[in-house]
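Trainee: The sequence shown begins at 102 in my numbering and counts up by one. We put the beta carbon where it would ideally sit given N, CA and C, even for glycine. What follows is a single structure, and I will ask about it in a moment.
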Amino acid sequence: VSALKGAGLLKGCKVAIITSQAGSAQWRFTQNKDKGGDYGHHMSRAACNIGCALMSEELKKDEVPVVMLHPGFNRTEMTSKFSHIWDIEGAVPPADGAKR
102 VSALKGAGLL
112 KGCKVAIITS
122 QAGSAQWRFT
132 QNKDKGGDYG
142 HHMSRAACNI
152 GCALMSEELK
162 KDEVPVVMLH
172 PGFNRTEMTS
182 KFSHIWDIEG
192 AVPPADGAKR
């Protein structure tokens, strides 16, 4: 952000970041109550989410929108350990998730 500001490149910019509800502590306590694991993934999403919130606040005065996009539950190698619930939870191929 500082480099873009310094170079005068913010005018007309829009920022979109792909993230996930996995970064929400409340979601974690609700969806996966009493289940551990996936610390790295959840922590990285939480860091991404707070980073986006801070960036949005910083860029508000420059009228640069910052949005966080959650493509939903996708059928990927990363989620393959949940393949037994893909159909139940509505997991979609990544190409479909990108259109959400």
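With a threshold of 7 Å on Cβ separation, who are the neighbours of GLY198 within its own chain once the five nearest residues in sequence on each side are excluded?
Mentor: Within the sequence shown, residue 198 is the residue found at index 97, counting from 1. Closer than 7 Å at the Cβ level, and outside the excluded window around GLY198, lie PRO172, GLY173, ASN175.
Trainee: Identify the residues that DSSP records as bridge partners of ILE119: which are they?
Mentor: Here residue 119 refers to the residue found at position 18 of the sequence shown. Paired residues: LEU170.
Trainee: In terms of residue numbering, what span does the alpha helix (DSSP H) encompassing PHE130 cover?
Mentor: Taking the sequence shown and counting its residues from 1, the one referred to as residue 130 is at position 29. Per DSSP, PHE130 belongs to the alpha helix (DSSP H) from 126-132.
Trainee: Have a look at HIS185 and CYS114 and give me their C-alpha separation to the nearest angstrom.
Mentor: As a first step, residue 185 is located in the sequence shown; it is residue number 84 there, counting from the start. As a first step, residue 114 is located in the sequence shown; it is residue number 13 there, counting from the start. Whole-angstrom Cα-Cα distance: 41 Å.
Trainee: Could you tell me which residues DSSP puts in a beta bridge with ASN175?
Mentor: Reading the sequence shown from its first residue, position 74 is the one you call residue 175. In DSSP, ASN175 forms a bridge with VAL193.
Trainee: For the candidate residues LEU111, MET169, ALA196, whose alpha-carbon lies nearest to that of THR120?
Mentor: For the purposes of this step, residue 120 is taken as the residue at position 19 of the sequence shown. If we check each option's Cα against that of THR120, MET169 comes out closest.
Trainee: Taking the alpha-carbon positions, what's the MET144 to GLY107 distance?
Mentor: Taking the first residue of the sequence shown as 1, we reach residue 144 at position 43. Taking the first residue of the sequence shown as 1, we reach residue 107 at position 6. Using only the alpha carbons, I get a separation of about 31 Å.
Trainee: What's the gap between the Cα of ARG146 and the Cα of GLN127?
Mentor: Reading the sequence shown from its first residue, position 45 is the one you call residue 146. Reading the sequence shown from its first residue, position 26 is the one you call residue 127. Between ARG146 and GLN127, the C-alpha separation is close to 13 Å.
Trainee: At the level of alpha carbons, what is the spacing between SER181 and ALA192?
Mentor: Numbered from its first residue, the sequence shown carries residue 181 at position 80. Numbered from its first residue, the sequence shown carries residue 192 at position 91. Their Cα atoms are separated by approximately 11 Å.
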